[in-house]
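J.:
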Amino acid sequence: MSRGKGNNSGSMNTIWLVLGLAALGTGMGAAIASRLVTYRPSSADIAANETTLNPATPASNDSRAFCQYNALESVTASLYQVRAINAIANDPLPALSSLSSTINADLVASFNPAPFPQISDRARNAKIPIIMYHDITATKDVSWDVTPEELEKHFQALQEGGYTPITMDRMVNHLRTGAQLPEKPVLLTFDDNYVGQYKYAFPLLKKYNYPAVWSVHTRFVGTGGQKPKATWNQLREMQKSGLITVASHTVNHLNMTNLSDAEIEREVTESKKVLEKELGISIDYFTYPEGDFTERAKEKIKDAGYKAALSMSLDPRQERSANESEDLLTIMRFGQSRFDEAIAQASGGTSASQVALLPTVSNGVVNFTTPVEKRTVTIDGLPLTLVSGGRVATTHADTRAQVAEIMTMTPNAIAAVDGTFFSLEHLDSNKMIGPVLSQFSSKAGVFINGNKGENPLLNGRPLVLISPTAIKFIPYNAAKHNSLEAVRAELPDVTDAFVGAGWLVRDGKPQPAESFGKLYGFDASRDRAFWGIDRSGRPTIGVTMEMIDSVGLGKILAKAGLRDVVMLDSGASTALAYRGKSVMAYEPRPVPHIVALLPPDPAPVETSEKPNCPVSLNP
Numbered sequence: 004m005s006r007g008k009g010n011n012s013g014s015m016n017t018i019w020l021v022l023g024l025a026a027l028g029t030g031m032g033a034a035i036a037s038r039l040v041t042y043r044p045s046s047a048d049i050a051a052n053e054t055t056l057n058p059a060t061p062a063s064n065d066s067r068a069f070c071q072y073n074a075l076e077s078v079t080a081s082l083y084q085v086r087a088i089n090a091i092a093n094d095p096l097p098a099l100s101s102l103s104s105t106i107n108a109d110l111v112a113s114f115n116p117a118p119f120p121q122i123s124d125r126a127r128n129a130k131i132p133i134i135m136y137h138d139i140t141a142t143k144d145v146s147w148d149v150t151p152e153e154l155e156k157h158f159q160a161l162q163e164g165g166y167t168p169i170t171m172d173r174m175v176n177h178l179r180t181g182a183q184l185p186e187k188p189v190l191l192t193f194d195d196n197y198v199g200q201y202k203y204a205f206p207l208l209k210k211y212n213y214p215a216v217w218s219v220h221t222r223f224v225g226t227g228g229q230k231p232k233a234t235w236n237q238l239r240e241m242q243k244s245g246l247i248t249v250a251s252h253t254v255n256h257l258n259m260t261n262l263s264d265a266e267i268e269r270e271v272t273e274s275k276k277v278l279e280k281e282l283g284i285s286i287d288y289f290t291y292p293e294g295d296f297t298e299r300a301k302e303k304i305k306d307a308g309y310k311a312a313l314s315m316s317l318d319p320r321q322e323r324s325a326n327e328s329e330d331l332l333t334i335m336r337f338g339q340s341r342f343d344e345a346i347a348q349a350s351g352g353t354s355a356s357q358v359a360l361l362p363t364v365s366n367g368v369v370n371f372t373t374p375v376e377k378r379t380v381t382i383d384g385l386p387l388t389l390v391s392g393g394r395v396a397t398t399h400a401d402t403r404a405q406v407a408e409i410m411t412m413t414p415n416a417i418a419a420v421d422g423t424f425f426s427l428e429h430l431d432s433n434k435m436i437g438p439v440l441s442q443f444s445s446k447a448g449v450f451i452n453g454n455k456g457e458n459p460l461l462n463g464r465p466l467v468l469i470s471p472t473a474i475k476f477i478p479y480n481a482a483k484h485n486s487l488e489a490v491r492a493e494l495p496d497v498t499d500a501f502v503g504a505g506w507l508v509r510d511g512k513p514q515p516a517e518s519f520g521k522l523y524g525f526d527a528s529r530d531r532a533f534w535g536i537d538r539s540g541r542p543t544i545g546v547t548m549e550m551i552d553s554v555g556l557g558k559i560l561a562k563a564g565l566r567d568v569v570m571l572d573s574g575a576s577t578a579l580a581y582r583g584k585s586v587m588a589y590e591p592r593p594v595p596h597i598v599a600l601l602p603p604d605p606a607p608v609e610t611s612e613k614p615n616c617p618v619s620l621n622p
């Protein structure tokens with residue numbers, strides 16, 4: 004398969020553009036940060052807050068404390084943004100490095116598209132299942148109809164499973180170039196323009212913010228009968244929502260294998276012209292009626308200016324992901340009856356082929372701005388549950404409890420995994436092995452140094468440091484890291500700290516057996532909990548769903564796209580909860596410490612139990 008030679012000058016121009024934008028951002032960031040940090044509250048602001056917190060106000064002491072907490076949260080959220088701006092202004096290289104991990108594959112790919120209509124070799128590693136729906140109706144007329152309730156269950160499965168419905172444009176760009184995709188991409192398509200699709204599917208797509216393809220045969224727009232079709236006004240409404248990509252489905256919905264060349268040309272070109280005239284947009288995609296095509300039909304579609312065409316097969320053995328299709332003019336789909344089987348195939352696949360433009364910086368390069376998503380993957384036979392995104396914090400409870408219970412003590416926690424080692428001396432003890440500092444605790448902000456006699460045994464293990472803008476994993480030194488001041492010297496705005504069991508992955512490389520030293524049971528097969536950051540800088544927590552040794556787990560997590568991973572506790576304590584529910588097949592041992600993922604920044608805590616006390620930032 005032929006490839007273009009690329010464009011070296013284009014690569015350099017892009018790098019200089021990124022650096023220029025960074026320089027501009029440095030000046031703007033410094034100016035914004037300076038403006039924010041020089042703010043002082045006015046006397047009116049102070050008076051307003053004093054009134055709110057006045058003991059004479061008919062409120063309990065608890066509600067006053069909550070009010071103070073929320074006021075501080077409002078200020079803290081702003082300070083987080085200032086710190087992030089200052090971090091970029093003072094040292095743009097880590098931010099550029101993180102940015103480069105996103106643009107590298109797309110940049111390289113854009114210079115080397117496959118000749119049309121071929122699919123790029125770089126796109127063959129990913130799997131994009133395309134789901135094909137027909138009518139959505141409250142009462143099924145045929146077996147392939149889908150009820151609104153069934154469709155919403157499909158959408159809920161996509162949401163809960165961490166899948167990302169993508170647009171037709173993004174899929175075709177990926178197939179042409181190998182450009183990056185989200186972890187578990189899916190394409191949703193609806194054929195034949197039924198009113199039921201407008202009535203039931205379109206509202207659900209808006210509810211879940213999912214894009215989809217609408218295949219329209221122009222002769223039947225607005226017609227009635229047992230299966231009425233959506234009108235032009237309804238099509239315009241859907242298209243203008245930004246969620247719907249309209250594709251031509253011919254004029255008369257005739258099987259193309261039965262048509263002459265002249266008839267094929269009319270079906271292909273006239274439908275495109277009518278759709279473009281009625282909707283005022285370019286129609287770039289085509290869908291074969293009944294999925295059948297001929298080589299002459301493909302040529303006519305190509306000549307008409309379509310960028311891709313969707314097919315199908317009545318034989319389930321012929322159904323496959325988009326990336327396994329023959330070319331862009333014969334992209335295969337799955338019937339909705341095979342939804343579960345189809346989406347299980349979804350996977351990305353471009354990250355491993357990235358070419359670095361800037362050096363990878365491990366410590367502190369994080370992204371706290373992405374949504375939290377859960378996914379289950381199986382790599383080399385090992386099933387894993389991973390949750391990525393948001394920002395990270397720890398909670399040190401006063402006693403042992405299930406992870407889901409401790410999550411209730413952690414404002415807005417979406418997911419959490421059991422934390423590091425704790426003492427087994429007493430069944431209800433919250434005593435940890437090694438130092439601990441937690442944002443959420445009855446001793447929040449207090450550095451607890453641990454047992455001085457035990458601490459030297461932890462030397463060399465990963466000391467985890469978390470702040471509002473950074474994460475660091477550094478070798479623990481009991482003689483050095485023995486106070487809050489000492490850990491602040493490593494990370495000035497540190498909010499959480501603890502010592503992990505060992506590195507599973509470090510700078511993208513799985514760690515060998517000797518790195519675990521004398522850690523008991525590292526080479527045994529056990530359930531294991533872990534956390535770290537992936538190659539895009541997202542915080543990630545996870546558990547194994549079957550037993551494995553530490554070295555083998557590190558190799559698998561590196562393949563899963565994680566850059567730095569620290570092992571937490573193992574064995575019976577291994578636990579992960581997502582949205583308040585455990586994902587484990589057993590009831591784990593209660594623990595006193597968790598690593599939690601919270602909503603992405605900025606995310607002030609606002610709950611019905613904690614009344615807000617807004618703090619004005621207007622001078």
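Just so we're aligned: 544 in our numbering is position 541 of the sequence shown, and the numbers increase by one with no gaps anywhere.
Glycine is no exception: its CB is placed at the ideal position from the N, C-alpha and C atoms.
Excluding the 5 residues preceding and the 5 following Leu522 in the sequence, name in chain order all residues of the same chain whose CB lies nearer than 7 Å to its CB.
T.: Once the five neighbours on either side are set aside, the close Cβ partners of Leu522 are Ala504 and Gly505.
J.: On the DSSP bridge list, what partners appear for Trp217?
T.: Trp217 pairs with Phe193 and Val249.
J.: Taking a contact to mean a Cβ-Cβ separation below 8 Å, would you say Ile304 touches Leu332 in this structure?
T.: Contact: yes.
J.: Can you find at least 3 beta carbon pairs, one from the region 549-557 and one from the region 506-515, that sit closer than 8 Å?
T.: Output reads yes: the region 506-515 touches the region 549-557.
J.: Going by alpha carbons, who is nearest to Asn255 out of Leu565, His220 and Pro471?
T.: Closest by alpha carbon: His220.
J.: Since His399 is in the alpha helix (DSSP H), which residue starts that stretch and which ends it?
T.: Premise fails: His399 lies in the beta strand (DSSP E), Arg394 to Ala404, not in any alpha helix (DSSP H).
J.: DSSP three-state call for Asp604: helix, strand or coil?
T.: It is coil, neither helix nor strand.
J.: Taking DSSP as the reference, what is the three-state secondary structure of Gly283?
T.: If DSSP states are grouped into helix, strand and coil, Gly283 belongs with coil.
J.: Sorted by chain position, which residues of the same chain lie with C-beta nearer than 7 Å to Ser441's C-beta, five sequence neighbours on each side aside?
T.: Closer than 7 Å at Cβ, skipping near neighbours: Thr397, Thr398, His399, Ala447 and Asp499.
J.: To the nearest angstrom, how far is it from the Cα of Thr373 to the Cα of Tyr201?
T.: Whole-angstrom Cα-Cα distance: 31 Å.
J.: At which residues does the alpha helix (DSSP H) containing Asp295 begin and terminate?
T.: Here Asp295 belongs to no alpha helix (DSSP H), and DSSP marks it neither H nor E.
J.: Can you find a C-beta in chain C that's less than 8 Å from the C-beta of Phe425?
T.: Here there is only one protein chain, and chain C is not present.
J.: Just curious, the beta strand (DSSP E) that Trp506 is in, first and last residue?
T.: Where Trp506 is concerned, the enclosing beta strand (DSSP E) stretches over Gly505 to Arg509.
J.: Note down the Cα distance separating Gln121 from Met174, rounded to an integer number of angstroms.
T.: Cα to Cα, the separation comes out at about 14 Å.
J.: Hey, how far is the Cα of Val149 from the Cα of Phe533?
T.: Going from the Cα of Val149 to the Cα of Phe533 covers about 40 Å.
J.: By alpha-carbon positions, which one of Asp330, Arg323, Leu246 and Thr388 ends up nearest to Asp530?
T.: That would be Thr388, whose Cα lies nearest to the Cα of Asp530.
J.: Is it buried or exposed, Thr547, if we count other Cβ atoms within 10 angstroms and call 16 or more buried?
T.: Under this definition Thr547 is a buried residue.
J.: Any idea if Tyr589 is buried or exposed, counting beta-carbon neighbours within 10 angstroms, 16 or more meaning buried?
T.: By the 10 Å Cβ count, Tyr589 comes out exposed.
J.: Could you give the first and the last residue of the continuous alpha helix (DSSP H) run that contains Ser553?
T.: Its alpha helix (DSSP H) spans residues Ser553 to Lys562.
J.: Give a yes or no on whether the C-beta atoms belonging to Ala580 and Ala418 are separated by under 8 Å.
T.: Yes.
J.: If you draw a straight line from the C-alpha of Ala578 to the C-alpha of Gly524, how long is it?
T.: Those two C-alpha atoms are separated by around 18 Å.
J.: Could you compute how far the alpha carbon of Pro188 sits from the alpha carbon of Leu571?
T.: Near 30 Å, if we compare the C-alpha coordinates of Leu571 and Pro188.
J.: Starting from Thr547, follow the alpha helix (DSSP H) in both directions and report where the run begins and ends.
T.: Not the alpha helix (DSSP H): Thr547 falls in the beta strand (DSSP E), residues Pro542 to Thr547.
J.: Just verifying my parser: in three-state terms, what is the DSSP assignment at Phe533?
T.: Reduced to three states, the DSSP call for Phe533 is strand.
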